[in-house]
Amino acid sequence: MYGGESNQQSSGAGLVKSETPANCTDSLGSSVYPIQLLVNYWEIKPSLMKARLNSLLRMGVTHVATFIPWQAVESDISHTLVRFLQAVSERKMTALLILTPEVGVHYANSGLPKDIFNKPENTAKHPGDGPVPVSLPPNAFTLPSLSSPEFTKRYHNFLSRMDTILADIGKSQPQLLASVTSVLTGSFWKYYRSARSASQNPKTVFGGLAGDYSSCAELAYRQQLENYYNQREFMYPNPSSANRWKTRAMEELNRRWFSQQSEDVFRNRSTQFVRKKASDVSVAQVELFTPEADPGYQYSQFFQLLSGKSADFNKLSDLVDEASTRASCVGNSRTASFVHWTSMGGFATLSDPEKQFLILKSLLLMGGQGGGMLIDESQWFNLSNSFRSRAEALARSLSHQEMTLSTQSLYLTAHLWSSSAAASGNAELWGDLWKQTGIHSRMVASVDYVMKDREAKLLLVDPSYIMTRETIQRLTDWARTGRVVVMPRNAFYSEAARTELETVFAQNQNPQKVMNINLGIPYQLHSLDDGKLVIYELPESANAVAWQRFVQSVLSVAEIKQDVGSSDARLNLISLVRKEGGLGLFILNGGSTSVAADILFSGEVTVSDLALSLTSEQRAAQRTAQQVDNSEGSDPSFVPSNRFGLEVPPCGVLPVAVHGMGVEAEERKAAALTSDLMKTHAIEAARNELAGFNESDDFEATWS
Amino acid sequence: MNQDWISFQEMFYPRKRARSVSQDVRAPIYLVEDQGLVISASSEGEDLSPWLGLPVQEAIERYAYLSKDRKVVTFTRQDVDRWILESTTHPNFYEQVEFLRQQAAPQGGTQFNPHFVIQAMNSWWGKVLPSAYGIYLSIQPPAPTSSAATSGSAAAAPSQAGVPPVKHLLMLVRRGKFDQFHEPDLSSLGNDRRHRPDHVVKYLTEKHLVPVQGVFVSANEWQEWADAANAARAGNPWRKVAQSMKANRTQLVPFRWGVASLIATRAFL
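Chain order of the listed sequences is A and B. Per my numbering, the very first residue in the first sequence carries number 1; after that it's consecutive. Per my numbering, the very first residue in the second sequence carries number 705; after that it's consecutive.
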């Protein structure tokens, strides 16, 4: 059992983490260890730097992460950063340096230079035309606009300066750079939302339209809009065709596109600046999310500050759930998603069981996708030894990809941080997809991400996505490899895209390859080689039930089904695919009372304690025991069934190893089905060919 | 850092180990409403997510079993947004939070009980104490023997197995407002001087040019005082402070009759 345990005084050494981060890759393999301990290097007095790192080393920490507050670098007359890196290198530790401005940094204004805030034009505005406050210590402030030319220029200067500092260190002490990885994150883009829109839809915390609506962003938006629609794609068949894209009716669509494009450009440019001189330094692309700073949490935090009581645990848990479904990429590289738990906000006010629950949830959801969790080292060592050991074991397992969170379906949206566009009425396709597939669906904003994905069997395209010819070509190619692509039939296709789609339809000359289906939402199902293409209509008045049914039907077309469920909706299930076969099923109870429920499987399986499996020295013993018991068939934990009863304590995370599910189980089922079919055909053939054949005869006696 | 909120929080609002299973049934329920609908709802330990999206009155009536005999404090979304934005004009988080509490107070919105020391510093003591002064709190690890509890060593003692490190916090108050609160840097004091309370307080006084009152107390006593303040029947925390001073378990360095009188006033009047 993880979590839900009483805390013990933290003492003694923690487990050693000796993972050395590799260069950034776009594979699911984690280049960043799932548990990152945050050290605020600027708070360590230079004379105490060595002693502080020695104390961390004694506690088994060999790998730390630190923000690099912009203002701290600009005013670093004591060369604190260099001393820190030297001390890290001398102790053969490694350090992640988070260069991008982020929220939740224990530095005034999150380390941003104060003079940036003096000009109102540098302040970001959310779509409700208000500033975006972040209420975390050491002081609440309003976010600056990342589209502001002044901000951008100074930020790039800061990155260049960091690049120079690292390059200079590399010349004089090359061994020091081997211990350093620069980290670039998504910065403030995801927080450009109003607390109102984030709270209005109870089904999602990423509600409403996101984006920067400041005057600087507005100017950039107008310029980008002109540039984008001046492309040949949109001027076909004649230049005036581009005008329909710039009308007021297309404003929301264009804003979504612009917000995503701005973030992509910001991230790509940041990457260029940190690799000009210090090209030997590893760079990791991370999507860092601080739930305590999210606009969706703002009102909860207001209440917590008024009452002085604990933070809203349920809201923080929901934020982690939703953030785990967002998958971003920079260029061709997927980012690693990390959750950041601060020592200053609501997280610090939670009880130990609640913190443990959130930590484990973050590890499972983010670490299962190659990401993890960033936590202040003081918060980490306040937790009990036994919990930390178990969390470390889980993190090691995730970093070695012994367990991964599978992706069954993708949702392609125009902007990752805005809510999905309404299909019709208030129906949201993404909401229905998430409800039915849970943590195995990902929202993405990049076709490159889709093309690189090897797991997902289904792709739904958001109704607000602008379809170009190239997008149609790429998505249909993706579908041809045995997958299903679902696209809306709406006005947001360029003429070239429409022509391309007609070409695809024309290639399906065989009428049997096209089906027209209407279960409330009419759609056409086209066969594309091994895959399928679904084009659905957007009726003006379709109720939520019709959309739910539509999503169910496309899921069944893609042969996606839920193999595991619970009889009590209060339990959350996180199933990870294990490299050695089977599933690692984690059953989470975030409530304040114990929940007794049944876990239901689509077929007969056996279960055992996964916690034992995660401890390497016990794994071999368990395998031996398993072999002995399998041969004897006496151990009750190996009795197959499709239903198991259990009880999970409050804030508990129950790890269960499930055997007989996953790819091998599917193959076994398929083999069993094939065997049955062959038997049926054989009997039928025998009945037809052999006179006097009776299938109830004793064959052995006959042949003998 | 001049306003070290983490150290401030650790000193005055220690972490919770266990989740509170039995919620205070009289804890208020906070709502934010927008155009008559609940968009945010919170009460400690409760999951009020079913309230979201409902009209305020309907939510209260539908979940009457929760809201019965409890105060339901409703704020309008416009007010909350405005207060949060206005709070950013204040210089540090402490003042920003105080601003929010002041704005919410007329609606009965704050149930926050500040630490009894902070409460005293914000009370009529401000009229008696100098316009600028400092308080240096040094919390010693629980002593293994009775003699160690009275040693009152100033700086961080060498850590013992299973014993938490000493906490210390310097708070500087100017014109009634918290100007700075942080762990002071005593590294320029020699090793010997760092363990002498009088030297530490003198150093801080000279460095910050304000009179600094040192308070040296064991972690056990500090926790006892906080428990007494939280539990109505456990006794007046100031009485415990006075008793501890009388028994020499707590040291005021330097000993100032004025400060002792203030404590005695709170303890016995």
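Don't be surprised by glycine CBs; every beta carbon is placed ideally from N, CA and C. Please read these numbers as outputs of a predicted model, since none were measured by experiment.
Under 8 angstroms between C-beta atoms, does residue i make it to chain B?
{"i": "residue 202/A", "result": "yes"}
{"i": "residue 305/A", "result": "yes"}
{"i": "residue 613/A", "result": "no"}
{"i": "residue 309/A", "result": "yes"}
{"i": "residue 295/A", "result": "no"}
{"i": "residue 592/A", "result": "yes"}
{"i": "residue 451/A", "result": "no"}
{"i": "residue 374/A", "result": "no"}
{"i": "residue 45/A", "result": "yes"}
{"i": "residue 106/A", "result": "yes"}
{"i": "residue 629/A", "result": "Unreliable placement is indicated for residue 629/A, whose pLDDT of 47 sits below 50; no coordinate value is reported for it."}
Is any beta-carbon of chain A found at less than 8 angstroms from that of residue i?
{"i": "residue 792/B", "result": "yes"}
{"i": "residue 736/B", "result": "yes"}
{"i": "residue 859/B", "result": "Residue placement at residue 859/B is poorly supported in this model, since its pLDDT is 39, which falls under 50; the coordinates still yield a value, given next. No, residue 859/B does not count as interfacial toward chain A."}
{"i": "residue 888/B", "result": "no"}
{"i": "residue 707/B", "result": "yes"}
{"i": "residue 710/B", "result": "yes"}
{"i": "residue 789/B", "result": "yes"}
{"i": "residue 716/B", "result": "no"}
{"i": "residue 873/B", "result": "no"}
From what residue to what residue does the alpha helix (DSSP H) around residue i run?
{"i": "residue 377/A", "result": "377-381"}
{"i": "residue 172/A", "result": "149-172"}
{"i": "residue 400/A", "result": "Neither: residue 400/A is in no alpha helix (DSSP H) and is coded neither H nor E."}
{"i": "residue 353/A", "result": "352-362"}
Spell out the partners DSSP gives residue i in its beta bridges.
{"i": "residue 517/A", "result": "523/A"}
{"i": "residue 738/B", "result": "741/B"}
{"i": "residue 919/B", "result": "841/B and 956/B"}
{"i": "residue 969/B", "result": "DSSP output for residue 969/B lists no bridge partner at all."}
{"i": "residue 765/B", "result": "Bridge partners of residue 765/B: none, in fact."}
{"i": "residue 387/A", "result": "The partner list for residue 387/A (beta bridge, DSSP) is empty, contrary to what the question assumes."}
{"i": "residue 372/A", "result": "338/A"}
{"i": "residue 875/B", "result": "839/B and 885/B"}
How far does the beta strand (DSSP E) with residue i in it reach, from first residue to last?
{"i": "residue 606/A", "result": "595-609"}
{"i": "residue 647/A", "result": "641-648"}
{"i": "residue 715/B", "result": "No beta strand (DSSP E) contains residue 715/B, which is instead part of the alpha helix (DSSP H) from 709-716."}
{"i": "residue 705/A", "result": "Limits of chain A in this structure are 1 at one end and 704 at the other, which puts residue 705/A out of reach."}
{"i": "residue 780/B", "result": "776-780"}
{"i": "residue 884/B", "result": "881-886"}
{"i": "residue 554/A", "result": "Unbroken run through residue 554/A is the alpha helix (DSSP H), 544-557; no beta strand (DSSP E)."}
{"i": "residue 338/A", "result": "336-341"}
{"i": "residue 589/A", "result": "583-589"}
{"i": "residue 442/A", "result": "441-444"}
{"i": "residue 572/A", "result": "571-578"}
{"i": "residue 824/B", "result": "Run containing residue 824/B: none in the beta strand (DSSP E); it sits in the alpha helix (DSSP H), 820-825."}
Less than 7 angstroms between the CB of residue i and some heavy atom of the ligand COA, yes or no?
{"i": "residue 646/A", "result": "Absence of the ligand COA is noted for the structure shown, with no ligands found whatsoever."}
Assess, as a yes-or-no matter, whether the segment 394-410 of chain A is touched by the segment 363-371 of chain A under the definition of 3 or more beta carbon pairs within less than 8 angstroms.
yes
Three Cβ pairs or more, each shorter than 8 angstroms: is that satisfied between the segment 108-118 of chain A and the segment 67-76 of chain A?
yes
Count the CB pairs spanning the segment 827-836 of chain B and the segment 797-804 of chain B that are closer than 8 angstroms, and state whether there are at least three.
no
Enumerate, from N- to C-terminal direction, the unbroken alpha helix (DSSP H) stretches of 4 or more residues contained entirely within the segment 28-98 of chain A.
49-58, 70-74 and 80-90
Counting Cβ pairs closer than 8 angstroms, one from the segment 298-306 of chain A and one from the segment 251-260 of chain A, do we hit at least three?
no
Across the segment 206-214 of chain A and the segment 128-147 of chain A, are there enough close Cβ pairs to call them in contact, namely three or more that are closer than 8 angstroms?
yes
Taking only runs of the beta strand (DSSP E) that begin and end inside the segment 259-299 of chain A, which ones reach a length of at least 3 residues, in chain order?
282-289
Determine, using beta-carbon pairs with one atom in the segment 178-195 of chain A and one in the segment 82-96 of chain A, whether at least three such pairs fall under 8 angstroms.
yes
So within the segment 187-264 of chain A, which uninterrupted alpha helix (DSSP H) runs reach at least 4 residues, ignoring any that extend past its ends?
195-200 and 215-229
The segment 461-480 of chain A touching the segment 431-440 of chain A, judged by at least three CB pairs closer than 8 angstroms:
no
Cβ contact check for the segment 560-571 of chain A and the segment 600-610 of chain A: 3 or more pairs under 8 angstroms
yes
Is the segment 640-660 of chain A touching the segment 583-600 of chain A, taking contact as three or more C-beta pairs under 8 angstroms?
yes
Below 8 angstroms, how does it come out for the segment 408-415 of chain A and the segment 133-152 of chain A: are there three or more Cβ pairs, yes or no?
no
In chain order, what are the residue ranges of uninterrupted beta strand (DSSP E) at least 3 long that sit wholly in the segment 457-507 of chain A?
458-461 and 484-488
Do the segment 784-793 of chain B and the segment 140-160 of chain A make contact, defined as three or more Cβ pairs closer than 8 angstroms?
yes
Check whether the segment 496-509 of chain A touches the segment 543-552 of chain A, counting contact only when three or more Cβ pairs, one atom from each stretch, lie closer than 8 angstroms.
no
Would you call the segment 321-341 of chain A and the segment 29-42 of chain A touching, i.e. three or more CB-CB distances under 8 angstroms?
yes
Counting beta carbon pairs with one atom in the segment 756-770 of chain B and one in the segment 729-745 of chain B, are three or more of them shorter than 8 angstroms?
yes
May I ask you to list, following chain order, the residues of the segment 133-150 of chain A that have a beta carbon less than 7 angstroms from some beta carbon of chain D?
Within the model displayed, chain D is absent; protein chains A and B are what it includes.
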